[in-house]
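Take the sequence shown: its position 89, counted from the start at 1, is 89 in full-length UniProt numbering, and no numbers get skipped.
So the structure is just underneath, and the comments pick up after that.
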Amino acid sequence: MKDRHGNEVAIGDMVRVLEIDQGLLDWLPADELPHTLAMLNNEYLIEEFPEDGKASVTHWWQEAPGQSACTGLYLLAHEFELVKKAGSTG
């Protein structure tokens with residue numbers, strides 16, 4: 001799969017979320033919306049390619065002491081850019 005700039009990406013690569021589909025945002029429950037919006041312009045590891053042409057990333061946060069929660073996105077190529085290849089030091 002490639003990012004919005006045509007860079008090849010793989011599982012474990014760090015990417016920056018540049019867009020989130022408005023249809024998804026309109027559908028999300030109010031309590032999940034701010035956590036999903038917080039993913040914009042932040043960096044995440046590609047965890048898998050769940051469907052052809054989609055990269056999966058997850059955002060975790062602390063709900064309360066000892067209680068965490070997460071939300072995730074299936075990103076299309078135009079919605080993210082490569083920041084760092086897995087295993088690179090730069």
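Beta carbons are placed, not taken as given, at the ideal position from N, Cα and C, and that holds for glycine.
Could you tell me the distance, in whole angstroms, from the CA atom of methionine 1 to the CA atom of leucine 40?
20 Å
Does DSSP put histidine 59 in a helix, a strand or coil?
strand
DSSP state of leucine 18, grouped into three classes?
Judged by DSSP in its simplified three-state form, leucine 18 adopts coil rather than helix or strand.
Can you give the Cα-Cα distance for serine 88 and valine 15, rounded to whole angstroms?
13 Å
Quick check for students: name the residue ranges of the beta strand (DSSP E) that lie wholly in the region 38-88, counting only runs of 3 or more.
43-45, 48-51, 54-64, 67-75, 80-84
Going by alpha carbons, who is nearest to glutamate 48 out of Ala30, Tyr74, Glu32?
Nearest Cα to glutamate 48 within the set Ala30, Tyr74, Glu32: Tyr74.
Would you mind working out which of Ile46, Leu25, His35 sits nearest aspartate 13, comparing C-alpha positions?
Ile46
Excluding the five sequence neighbours on either side, which residues of its own chain have a C-beta within less than 7 Å of the C-beta of alanine 69, listed in chain order?
Trp61, Glu63
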